[in-house]
Every structure is written in C-alpha cells, then in structure tokens.
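Number of protein chains: 2
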Amino acid sequence: MDGSKYAIGVDFGTESGRAVLIETKTGKEIAGSVYYYQNGVIDEQLPVEGHPITLEPEWALQDPEDYIRTFQKTIPDVLAQAGIQPEEVIGIGIDFTACTMLPVKRDGTPLCTLPEHRRNPHSWVKLWKHHAAQPEADKINATARRMAEPWLNRYGGKISSEWFFAKTLQILDEAPEIYNAADRLIEAADWVVWQLTGVEKRNSCTAGYKAMWSKREGYPKDDYFKALHPRLEKVVDEKLSRTIYPIGENAGGLTAQAAEWTHLKEGTAVAIANVDAHVSVPAATVTEPGRMVMIMGTSICHMVLGEEEQRVEGMCGVVEDGIIPGLFGFEAGQSGVGDIFAWFLNHCIPAEYCIEAEKRGVSVHQLLEAKAALQKPGQHGLLALDWWNGNRSVLVDVGLSGLLIGATLGTTPEDIYRALIEATAYGTRVIIEAFERNDVKVDELVACGGLPEQNKMLMQIYADVTGRNFKISASKQTPALGSAMFGAVAAGSRAGGYDTILDAAKHMAGLKDEVYQPIAENQKTYDRLYTEYLRLHDYFGRGENDVMKTLKQIRDEVS
Amino acid sequence: MDGSKYAIGVDFGTESGRAVLIETKTGKEIAGSVYYYQNGVIDEQLPVEGHPITLEPEWALQDPEDYIRTFQKTIPDVLAQAGIQPEEVIGIGIDFTACTMLPVKRDGTPLCTLPEHRRNPHSWVKLWKHHAAQPEADKINATARRMAEPWLNRYGGKISSEWFFAKTLQILDEAPEIYNAADRLIEAADWVVWQLTGVEKRNSCTAGYKAMWSKREGYPKDDYFKALHPRLEKVVDEKLSRTIYPIGENAGGLTAQAAEWTHLKEGTAVAIANVDAHVSVPAATVTEPGRMVMIMGTSICHMVLGEEEQRVEGMCGVVEDGIIPGLFGFEAGQSGVGDIFAWFLNHCIPAEYCIEAEKRGVSVHQLLEAKAALQKPGQHGLLALDWWNGNRSVLVDVGLSGLLIGATLGTTPEDIYRALIEATAYGTRVIIEAFERNDVKVDELVACGGLPEQNKMLMQIYADVTGRNFKISASKQTPALGSAMFGAVAAGSRAGGYDTILDAAKHMAGLKDEVYQPIAENQKTYDRLYTEYLRLHDYFGRGENDVMKTLKQIRDEVS
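Taken in sequence, the protein lines are chains A and B. Yeah, the first sequence ends on 565 if you go by the working numbering, and it's all consecutive. Yeah, the second sequence ends on 565 if you go by the working numbering, and it's all consecutive.
Written out as structure tokens, the structure reads:
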C-alpha cells in the first residue's frame, strides 16, 4: 500500500456494463471490466418461461437483474486485476443511458421480477431506444402547445418519444394494471444507486433532460398532467419525487448487501447518478462555459455550459445543475453521424474497394479515408444534407431525410464519403451558431466517443468547417472515468477524493496532445460551401419545400 | 434465286461499323457483319510513324480509312454469309454518328492521308464526341445572341460544342493551315457516300441538326460567319455547299472502285446519307406525327414528327425533311440515362450484392432489377434529378448535376437504382410536356437501342410515368435496318425496293408484340412524385438556386 486511493466508475451501456478503477490522484485507469448483459436488449421476446411473449415493433427493453449482475461481475473483477484492498476504494459513481426507466414497488423491487407481472412487457425496463411511445409523445407535445406550457421551450419545442413521460403514459395507456401496481416510476440510473445505497435519490440530470423538471420551476403542473390523462394528475407525487439531488452530491454509503455484491466495504461513498453523455463533460476537462463537448458516435451529443438560462433553437434541453453543479448545461444533438457513415460503408461500397483494402491490408473505412484525405475541400463538387436519420438540432424534425447534390459520372465513393462527413460538420456548425446567437459561447471543441480516434480527416474537417480548435479527451472510457470522478467527489477530499467536480477534473481528466486547428485556406472554401449548405438546410428544413415529408407520406401510403 | 431482293444498311458507330443484309419484301435480317475500326477512337496519340503526336484532353478523332475498310470487310462478308449474288442487292444506305466531320481536298482525299498534313491532328476526322471546341461553341452562341440570330431558337437556344461550326472554327483557330488546305469540310456521313458514288451530295439531316441549315432559310448569313471570324465569312460557299439533298433520295450509283471494295455491282443505288438516331425512326415504324421514338442507351435521343415548325423549349433541333421527307423532325435529348445506371453499378454496389448475384447465376444488374421490381412506386421514399451528365432538354445546361433526396438509414441500393430509373422517366415526361405545350403531339412511345430489351421494369416505369403506351422496335439493329430501308427507297419500286420511306416502313419495319401500358394506380403515385420532381427541376434548373454551378465553380477553383 502506497497511500493511493481509487474510485470506481460504472458505465451502463446498451449492450453491456463496464467498470473502471481509477487512481484518484492522477486519473490513471488501473483496471477495467465489461459485463455483457445476459438478456441484452430485449426487442423480440421476453426472457420468460412458458408460452413466448412477443414484443411489437419499436420496443426495446432491458432486464434490471442484468444491472445487479454488472456490479457483481465487474467490480470484484477490477479489484482483483488491480490487486488492491476494498478500503483503498473511496467512492463509486455510475452513469447510465437515459431515459431508461422502470416501474418498481415501494421497496425498489422491479415489477418484472414479480410472478404476477413478469409476463407483461410493460413491467420491464424501457430502454432509451424503446420507440413505441410516439403517439404518447405526440399527445404530450400537442397538449403542451395547446396549454402554452413554458417548459416546452427548454426542449427546443419538442419532447421526444424516448423520454420519461412518453414512456410513463404508454404504460398507463396500454397496461393500466402495471401503472397502478407501480409505487414508483424511476430512471434505471437512480434505481441502481438505490440498490447500492438503500435510498431512493433522484438526480438532476435525468429529471431535467428527460422528465421536464427544472430547479426553479419543478415539474409541469398537475393540471397539465391531468389534461394528458386523468390518472396522471398526481403522477409526480404518487410515483416520482419532487426532491431532486444535484449531480456531484453523495447519495449514501454502500449497504451490506451491495458490499457483498461488489466486494467493497460497506459504507463506501456512492455518487448521485448521472447520464453517460453528461458525465463525460468534466471527464473531457470541461467544467466551465466556452468549450463544447461532443460525444461522437452513431450520433453526436453536444454539450456546453452557461452562466444563464438561454433559449436556443432546437436544443435537446437546458438544465440547471444538469452537467456541472451551479451552471446551466445545454444539450443539443445530431441524430445521424457515425450511422450515416456506416450506412454508406454497408450499402454503397463497390467490391473492388473491398479487394483493394484487403490488398493494402487496411479496412475499407481506412481505404476510403486515405483516398478522401487526398482531396482539397470542395474538390469533389458535392454537398449533402446530413438528415439520413432526421434532424434533431436545430430543426427538431424526424420527418426530414438525406440529400446529396452535385453528383456527376465522375463521382467516386470517396467523394460521397467525404461529402457525408462534411455535411455532419456543417450540421455541427449550425448548432454552434445557434448557441452563439443566444450568447452561449463556443470557443473550442472537445471530442470523445468512438469516432474521433479513428478519423483524423474527420477531425480536421470539423476544425476547418467550424473554425475552432478541436481536441480529444485522453480517456478511451470517458463516461466511466467521469463516473469515477463523481465517485471521488462523493467521497470528498478528506477520504482522498475531491470536494468538487472542478477539482476532480483538474487532477483526473485530460486531453490528448494533438490539437486539430483550422487551416485558413480550407476555412475559406468551407465558408462558401457552408453558405450553400445553410440555404438548402433552410429551404428543405423550414417548410419552403416539404418534399422530404411528401416522399415519406407517399411511401407510407403505398407501403 | 427466288426473286427476293435485298438492301444493305451500313451503320457507322463509334468503335465499329456494321453492315446488315435485309430482304426488302419482309424486312428480315439475312446476315450481319461488324468491323472494329483498326484505329478505333483516337484520343491519345495519332496513329502515325515517327515521333509520337499526343492529343490534348477532350479530343476524339477517327481514321477515314477505317470507314473504307468497313465497306471492304463487312459487305463482302454479308454477301458470302447469305450466299446471294451481287445483282440481288438493289441498294445501300448508310448512317453515321454526327457531327463527325473531316477536312478533304476537292477530290475527296482526306487531308490526314497526305504526308504534309498527316502529323497535324486537325487533319483527321473529328468524332462526334470530340469535346475540345467548347470555346468555339461559346463564341458561336454569344455571337448569335448578340446578333439575335433567328436560327438559334431552332436549337433550344444553344449550339453544342459537338456540332459542325464549333469544330470548323476550332480548325481555323488552331490550325489555319489545315483550314486553308481544306477545299471541303464535310460530314463523314456524306464523305462515305461520296466515296461510294463519286459525287459529293450533302444530306438534310446533318445539315439541319448539326450545321444550322434550314430548308427555308439556308445557312446563317455570311455576316454572322464574318462576325465569328473574318476568314469564316465565305465558309459555306468555299468549303460547304448550299445544295442540300433531302434524306430519302438517291445519291447515285456505286462507282467501279466501290463495287470492287464491296463485291456489289457497279451502279447499285446508294441513298443520301443519314444519322444513326434519325434513321431509326422509320425503322421503328414511325413515319407520321404523334409517336415519339426514343433511342435509349447511355443517353436518350427523342424524335417526333410534326406538320409545322414549332419552337419547343430546349430541343436539340427541328429540321424540315430532317427525319422523314415532307415533315418537320423534332429532336430532343437527355444527356445521361444508361450511363447514370452504369455509374451506379460501377461505383455504388456493395460486394454482398455481387456475391448474391453470382449465387443466383444472374448479373448484378439483373439482381438489382429483380429486387427493385418488387417495390411499388413511391415505396423507397426517394427522388432524384437525373442530371449526372448535365441536362440537354429542356434546360440545355451542362452545368447542372445529379441530386438524390429522401435517403434514410434504411435506403438500399435497389431503392437508389429504381429512383435513378424513375428520374430519367420524369426527365422524358418533361420533354413530352414541352412538345405538347407547343402542339407537337406525343400519343405513344417507341423505344429502340440497347436499354429497352434488358429492362422490363424500366419500360413499365416509363409507361407509368408518362401515361403512354410504350412499344419496342422489333429489330436489334434498328439504325442499320433504317439505312437498308433508305437503300431500298434509293433503288425504287421498279428495282424491287420502294418509292417512299413510308412504303418501306410498312413492309420492312416492325415492333415487338409486347406493349407496356400505363397502370392506373402507378400513374396516380407517379403523378404526385412528378409534381415534386418538377418543383426541384425548376428550383435547381432555372436559376432560383444555382448551387450546382457554385459547387462546380468551387471544384474548378480548388482543383
């Protein structure tokens, strides 16, 4: 024992849960362990015995027992790997996908674990990507617009079908017996912290971004919920809680049972729960306004901090204490980024490229990047609108679709590939400009997630298009690191942790050395192309020509 | 000998020349023979000895001796195959690509065969796709607009760089010594007929469609030519001819030398020359207004007949006697059709489709068609503008480019493939509607060329999109058949041929039995999609949003 202390972060993802053990003094990752959920994403059949229960399309569930198993498997594993004693671990933090929610009894027992409810799909965890509550989301939005609910503006004017009350209302609509049997409706993030500490404490991040709560105004009024459904009038008091804990606080100590699961000491500090994207912000060194963190993967989640609440067009949400205590956390998003590139790689790459890649001993993606990187900006003559998966920010319109313009008989796959990457960069620039128009400064960009490390060209394009320096979070497990940082804060400095997340970030978070800086000549060309992008963006995105929606409407009618 | 008579059609293409021997009574193809030009398309180096002469980009030349070799190889071959006697062949017709032109001496000797000129590229045949005369075409158009030349309207307001005077002016600009040495500048079509008959007779089809001539107004005024270039003032009188022969006439009889080349009898009737596309019209049974012939290959050439001259937006030309004597022949075109599909097949088909096609024992094209044919109109949710190769009719704008809209993460290759085919069908509908707005009726469509036979789905889509019956020419060698028909007309009925092309068409031309008829339900959907196409067509094609040109301009600046 050299006096080092450690914190554990547990990151609950879509297919697996991951624990990392971090040295609090340095932020160094000592050990990591992944548990693939036994029941994975449940989107076809419930994992129950007897006559099979088939799920409808767009459903996506999880098994809460997989979360407990994650603790049981991964935490003992990192302790063993590191060869340290339980008392050297001073705190645990967790982060979760969101909104991922479940109905439970007053003592925290998930309804899906009770025999009388187990065969009802509504008793299980509704995963973030459960998309079957769109009618409920439509009702939530229409009712809010009709009643001129002021909170709607905080969410870019639209509540997603993925969020808390859409899922809640779906339970009530389709399985009132489950709604009635549920004493509590709760984010899985808060539920796992409850399982660790024995106390139900709800966090400000999911409450704010997913459940229409704000620190100053609380939840929407009972009248609004009543207008949605008579049975929903008292939903907050009956099944949620009006007490919301800011992230950064201590939720409690490990119970004896949780200590047994994890092989940690009873009483070890546990942080208030957090969300995977949001917990990454301080882990990417950002604890102050002016730098935007971008979680880049299949989509991009953009997060930036501000001193004041501002209304910004089309953002996903603004939440006080939502990311860093004491600041407003702004979230925006692009609904298709890496998944557009994956679509292109899977559907549009000719066999000869696969052969060439094999000959060169590189992946097709690497080959495309190598070819595309030889080009100067503008050289391919193409422009795209990056709406293959709709547009979240700033247009908030899932009815939009992708566009490619400028194709000739000489257009190559690498031309299109580069144009698609550029289109997503223009999409990010639209978001940055919307923030800046509303006095939320974005001076620099910090990336984390899977995309940035494999795509130097992409990083340079983003720097050139946005005219901003672009850096990369040092950790490959940024969310888990962030959770460990919050675990260290929950423990406090006297235990060998930190008293604030700012202090934790200073010592535990870092950036890679490389900085992508805008190249003036590229910027000049991209400024011209962005002007054209913006014109198409507004023409097709703001109602002047609704052809994208007409095409979807015709498609739906004939299908 | 059973008293049957035969006519020979010789079709001079880009890579080869083809002769067919046709029974005049029935139109039956008895024999066929192809000669691949020894020097092919000359676009890199002149086929001369000594120090190599390299051509500049966009150049495309041919060797006139290849045309003579075509006669020498193919006509004896079809005679031998058929086992008939020379006197049983009553006439020959030829058709050619156009504008394909060359400088010759007064006796017809090509300048490129003379040692003093052979090493000058300008002495060779300029093939139709020689695209190096764009500056000259620009000057021709600008000068015509400035002088308000009335003939410009007959060509949709724009003369192509492929046409006769653009190529002529390029010779004068770049090789005045060749211009001076040339006693005659002549279409290759007319030159080969001259070689067969010993007399120079120029045809109304190339004169009208490629050299700004009209039956009523002749060539542009000398003043106009003088404004182009002082040396050009007397070009028509010095190097062309004001006597133009309508297609359908007899050009003369085979000379002794030509009889020796071909193994035919001296004096055998030779028809006035024709153009490959235009000669196909009567060979596809069309000799009257109301039915549009579409030569469908890499591009589409649309031809329809009318009783009166009409100005139709963006057509390629209207020529009295240009297709059928006594009628006005209207020509329009789509500059990219089969070549867009080929581009897509070559650049955008994933390896797994190639594997699947191999497993099924079909071509990738057949696989795509099979998959796309399962869809209903509108089901893929896509729309394209078919401008990968610019737009000829009706916008006459090479600066336009391709567009695809409506893409989602679920979009498949067959979706895009079908959308591209549909886009070309919408492009044809735009042309049909332009004709009909100007009282040129189009009641039915007749296809010939390579595309129709392999693409049942394409044919049905065109019928559905245009709302018209779509039939297919029976002959696989429609142009060569057309030439043989004109050969039979040159011989006349007393020799066992026909007195008019109408009579010849009645007996020698035919259509396949299958008729693609519009399906009402499909038409309804396509009418809606066409409305959207037209809106994008006008928005991007008529100057409201010039993004396609801006993209090309940026591309050219950075490249």
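Heads up, the beta-carbon is just placed ideally off N, CA and C, and yes, glycines get one too. Since this is a predicted model, take the numbers as computed values, not measurements.
#1: Can you find the residues in the same chain that come closer than 7 Å, C-beta to C-beta, to isoleucine 437 of chain B, ignoring five residues on each side of it along the sequence?
#2: Within 7 Å of any Cβ in chain D, is that where the Cβ of asparagine 397 of chain B sits?
#3: Which same chain residues end up closer than 7 Å to phenylalanine 470 of chain A when comparing Cβ atoms and leaving out the 5 residues on each side of it in sequence?
#4: Using only the alpha-carbon positions, how far apart do threonine 537 of chain B and aspartate 544 of chain B sit?
#5: Starting from isoleucine 2 of chain A, trace the alpha helix (DSSP H) in both directions and tell me its first and last residue.
#6: Go to proline 109 of chain B, then tell me how far its alpha helix (DSSP H) extends in each direction, as first and last residue.
#7: If I follow the unbroken beta strand (DSSP E) through alanine 379 of chain A, where does it start and stop?
#8: If you count every other CB in all the chains shown that lies within 10 Å of the CB of arginine 24 of chain B, and 16 or more means buried, which is it?
#9: Rounded to whole angstroms, what is the Cα-Cα separation between alanine 257 of chain B and glutamine 78 of chain B?
#10: With C-beta atoms as the reference, is proline 109 of chain B less than 7 Å away from isoleucine 184 of chain B?
#11: Grouping DSSP H, G and I as helix and E and B as strand, with all else coil, what is tyrosine 539 of chain B?
#12: Does proline 356 of chain B get closer than 7 Å to chain A when you measure Cβ to Cβ?
#13: Determine, using beta carbons only, whether aspartate 345 of chain A comes closer than 7 Å to chain B.
#14: Who are the Cβ neighbours of leucine 410 of chain A in its own chain at under 6 Å, not counting the five residues just before and after it?
#15: Assuming contact is defined by CB atoms lying nearer than 7 Å, are proline 288 of chain B and isoleucine 355 of chain B in contact in what I supplied?
#16: Three Cβ pairs or more, each shorter than 8 Å: is that satisfied between the region 324 to 338 of chain B and the region 463 to 482 of chain B?
#17: Going by other Cβ atoms of all chains shown within 10 Å of its Cβ, with 16 needed for buried, is histidine 128 of chain B buried or exposed?
#18: Determine, for glutamine 385 of chain A, whether the minimum Cβ-Cβ distance to residues of chain B falls below 7 Å.
#19: Is threonine 414 of chain A close to chain B? Criterion is C-beta to C-beta, closer than 7 Å.
#20: Shortest alpha-carbon distance to phenylalanine 170 of chain A belongs to which of A:Val452, A:Glu459, A:Pro156, A:Ala194?
#21: Could you tell me whether the region 111 to 129 of chain B touches the region 49 to 62 of chain B, where touching means 3 or more Cβ pairs closer than 8 Å?
#22: Tell me the DSSP secondary structure of histidine 137 of chain A in three-state form.
#23: State yes or no: is the C-beta of alanine 425 of chain A nearer than 6 Å to some heavy atom of the ligand SAH?
#24: Specify, as a first and last residue, the run of the beta strand (DSSP E) that lysine 482 of chain A falls within.
#25: From this set, B:Val310, B:Ile100, B:Cys105, which residue's C-alpha is nearest aspartate 449 of chain B's C-alpha?
#26: Just to confirm, is the Cβ distance from alanine 494 of chain A to glycine 89 of chain A under 7 Å?
#27: From the beta carbon of methionine 7 of chain A, is the nearest beta carbon of chain B less than 7 Å away?
#28: From this set, B:Asn352, B:Asp509, B:Asp196, which residue's C-alpha is nearest leucine 374 of chain B's C-alpha?
#29: Which bits of chain B does serine 286 of chain A rub up against, with CB to CB less than 7 Å?
#30: For glycine 396 of chain B, which residues in the same chain have their Cβ closer than 8 Å to its Cβ, ignoring the five residues on either side in sequence?
#31: Quick check on DSSP: helix, strand or coil for threonine 103 of chain B?
#32: Is DSSP giving aspartate 552 of chain B helix, strand or coil here?
#33: So serine 489 of chain B and aspartate 101 of chain B are in contact, right, with Cβ under 8 Å, and what is the actual spacing, rounded?
#34: Helix, strand or coil for asparagine 444 of chain B? Go by DSSP, reduced to three states.
#35: For aspartate 519 of chain B, count the other beta carbons within 10 Å of its own beta carbon; 16 or more makes it buried, fewer makes it exposed. Which is it?
#36: Could you tell me the distance, in whole angstroms, from the CA atom of aspartate 243 of chain A to the CA atom of aspartate 189 of chain A?
Well, looking at it:
#1: Counting from one through the second sequence, the residue named residue 437 of chain B turns up at place 431. Once the five neighbours on either side are set aside, the close Cβ partners of isoleucine 437 of chain B are His308, Ala338, Ser399, Val400.
#2: Any reference to chain D falls outside this structure, whose protein chains are A and B.
#3: For this step, residue 470 of chain A is matched to residue 464 along the first sequence. As written in the sequence, residue 470 of chain A is aspartate, which differs from the phenylalanine given in the question. Pro383, Pro524, Ile525, Asn528, Gln529, Tyr532, listed in sequence order.
#4: Counting from 1 along the second sequence, the entry for residue 537 of chain B is found at position 531. Counting from 1 along the second sequence, the entry for residue 544 of chain B is found at position 538. About 11 Å.
#5: The structure shown has nothing for residue 2 of chain A, since chain A only spans 7 to 565.
#6: As a position in the second sequence, residue 109 of chain B is number 103, starting the count at 1. Run containing proline 109 of chain B: none in the alpha helix (DSSP H); it sits in the beta strand (DSSP E), 107 to 110.
#7: As a first step, residue 379 of chain A is located in the first sequence; it is residue number 373 there, counting from the start. Run containing alanine 379 of chain A: none; DSSP gives neither H nor E here.
#8: One-based indexing of the second sequence puts residue 24 of chain B at position 18. That one is buried.
#9: Sequence index remark: in the second sequence, residue 257 of chain B carries index 251 (1-based). Sequence index remark: in the second sequence, residue 78 of chain B carries index 72 (1-based). Going by the C-alpha atoms only, they are around 20 Å apart.
#10: Within the second sequence, residue 109 of chain B is the residue found at index 103, counting from 1. Within the second sequence, residue 184 of chain B is the residue found at index 178, counting from 1. Yes, the pair counts as a contact, with Cβ atoms nearer than the cut-off.
#11: Here the question's residue 539 of chain B lines up with position 533 in the second sequence. Helix, per DSSP.
#12: Position 350 of the second sequence, counted from the first residue, corresponds to residue 356 of chain B. At least one chain A Cβ lies under 7 Å of proline 356 of chain B.
#13: As a working mapping, residue 345 of chain A is identified with position 339 in the first sequence. Chain B, which has a Cβ nearer than 7 Å to the Cβ of aspartate 345 of chain A, makes this yes.
#14: As a working mapping, residue 410 of chain A is identified with position 404 in the first sequence. The answer, listed in chain order, is Ala390.
#15: For the purposes of this step, residue 288 of chain B is identified with residue 282 of the second sequence, where counting begins at 1. For the purposes of this step, residue 355 of chain B is identified with residue 349 of the second sequence, where counting begins at 1. In this structure, isoleucine 355 of chain B does not lie closer than 7 Å to proline 288 of chain B by Cβ.
#16: no
#17: Position 122 of the second sequence, counted from the first residue, corresponds to residue 128 of chain B. Histidine 128 of chain B comes out buried.
#18: Taking the first sequence and counting its residues from 1, the one referred to as residue 385 of chain A is at position 379. With 7 Å as the cut-off, glutamine 385 of chain A counts as an interface residue toward chain B.
#19: As a first step, residue 414 of chain A must be located in the first sequence, where it is residue number 408. By this cut-off, threonine 414 of chain A is an interface position.
#20: The sequence position of residue 170 of chain A within the first sequence is 164, counting from 1. Nearest C-alpha to phenylalanine 170 of chain A: A:Ala194.
#21: yes
#22: On the first sequence, residue 137 of chain A is found 131 positions in, with the first residue counted as 1. The answer is coil: DSSP assigns histidine 137 of chain A none of H, G, I, E or B.
#23: Annotation note on the ligand SAH: not contained in the displayed structure, which lists no ligands.
#24: As a first step, residue 482 of chain A is located in the first sequence; it is residue number 476 there, counting from the start. Counting along the chain, lysine 482 of chain A falls outside any beta strand (DSSP E), and DSSP gives it neither H nor E.
#25: Translated into the one-based positions of the second sequence, residue 449 of chain B becomes position 443. Out of B:Val310, B:Ile100, B:Cys105, B:Val310 has the C-alpha closest to the C-alpha of aspartate 449 of chain B.
#26: Within the first sequence, the letter at position 488 stands for residue 494 of chain A. Within the first sequence, the letter at position 83 stands for residue 89 of chain A. It is not a contact, given that the beta carbons lie outside the stated cut-off.
#27: The residue given as residue 7 of chain A occupies position 1 in the first sequence. No answer about methionine 7 of chain A holds up, because its pLDDT of 49 lies below 50 and its placement is not dependable.
#28: Numbered from 1 along the second sequence, position 368 holds the residue referred to as residue 374 of chain B. Checking every option, the nearest Cα to that of leucine 374 of chain B belongs to B:Asn352.
#29: Indexing the first sequence from 1 puts residue 286 of chain A at position 280. None at all; the shortest Cβ gap to chain B is about 24 Å.
#30: Locating residue 396 of chain B in the second sequence gives position 390, counting from the first residue. Taken in chain order, the residues that qualify are Ser341, Gly342, Asp403, Val404, Gly405, Leu406, Ser407.
#31: By one-based count along the second sequence, residue 103 of chain B stands at place 97. Threonine 103 of chain B: coil per DSSP, three-state reduction.
#32: The sequence position of residue 552 of chain B within the second sequence is 546, counting from 1. Correct three-state label for aspartate 552 of chain B: coil.
#33: Walking along the second sequence from the start, residue 489 of chain B turns up at place 483. Walking along the second sequence from the start, residue 101 of chain B turns up at place 95. About 5 Å; that satisfies the 8 Å criterion.
#34: One-based indexing of the second sequence puts residue 444 of chain B at position 438. Residue state, collapsed to three classes: coil.
#35: By 1-based counting over the second sequence, the position of residue 519 of chain B is 513. So aspartate 519 of chain B counts as exposed.
#36: As a first step, residue 243 of chain A is located in the first sequence; it is residue number 237 there, counting from the start. As a first step, residue 189 of chain A is located in the first sequence; it is residue number 183 there, counting from the start. Going from the Cα of aspartate 243 of chain A to the Cα of aspartate 189 of chain A covers about 10 Å.
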